[in-house]
Amino acid sequence: MTQVDLRTQAWMKDIGLYCGANTNDPTRLKEISAERTEWSDRLKRNFEHVLTERNVTALDYENQTDVSFDSDSDLHAYLHRLYDYLYRSGPFPDLI
């Protein structure tokens, strides 16, 4: 993994719980993200940080989740779709 800050590291661990190849469940992540807890608030803040900083590479994400993307741009497009799904009532975020 490239050197990333603590907020990004925390987000990578959290997102791996629900969006890994063997645990891919954005629907469940949306359900628990809607609950106002310290964890869900931190996940949202860290997700916004990751989207702003763009410091997660496709390889970093694959190493954490076993889900691969052809490029960093493809990964970040997916992350924006996932964020929109979780927090803005966007459509379900297909990996492709």
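If you're matching positions, the sequence shown starts at 401 in the numbering used here and goes up one per residue.
Just so it is clear, CB atoms sit at the ideal spot from N, CA and C, and this is done for glycine as well.
Computed from a predicted structure; not experimentally measured.
(message) Just to confirm my understanding: we take Phe469, look at its own chain, exclude 5 residues before and 5 after, and list those with CB closer than 6 Å. What are they?
(response) For this step, residue 469 is matched to residue 69 along the sequence shown. Contacts found: Ala458, Leu475.
(message) Less than 8 Å between C-beta atoms, sequence neighbours within five positions excluded: which residues of the same chain meet that for Tyr440?
(response) Residue mapping note: residue 440 aligns to position 40 of the sequence shown, counting from 1. Reading off the sequence, residue 440 comes out as Ser, not Tyr. Closer than 8 Å at the Cβ level, and outside the excluded window around Ser440, lie Ile432, Ser433, Ala434.
(message) At the level of alpha carbons, what is the spacing between Ser471 and Thr465?
(response) Start at 1 with the first residue of the sequence shown, and residue 471 comes out as number 71. Start at 1 with the first residue of the sequence shown, and residue 465 comes out as number 65. Cα-Cα distance, rounded: 15 Å.
(request) List the endpoints of the continuous alpha helix (DSSP H) containing Pro493. (result) As a first step, residue 493 is located in the sequence shown; it is residue number 93 there, counting from the start. Where Pro493 is concerned, there is no enclosing alpha helix (DSSP H), given that its DSSP letter is neither H nor E.
(request) Consult DSSP for Ala421 and reduce its assignment to one of helix, strand or coil. (result) If you number the sequence shown from 1, residue 421 lands on position 21. Note: Ala421 maps to coil in three-state DSSP.
(request) Tell whether a beta-carbon distance below 9 Å holds between Glu374 and Tyr483. (result) Here the chain has residues from 401 to 496 only, and residue 374 is not among them.
(request) Could you tell me the distance, in whole angstroms, from the CA atom of Ala410 to the CA atom of Asp460? (result) Position 10 of the sequence shown, counting from 1, holds the residue named residue 410. Position 60 of the sequence shown, counting from 1, holds the residue named residue 460. Cα to Cα, Ala410 sits roughly 13 Å from Asp460.
(message) Along the chain, where does the alpha helix (DSSP H) containing Asp472 start, and where does it finish?
(response) For the purposes of this step, residue 472 is identified with residue 72 of the sequence shown, where counting begins at 1. Where Asp472 is concerned, the enclosing alpha helix (DSSP H) stretches over 472–487.
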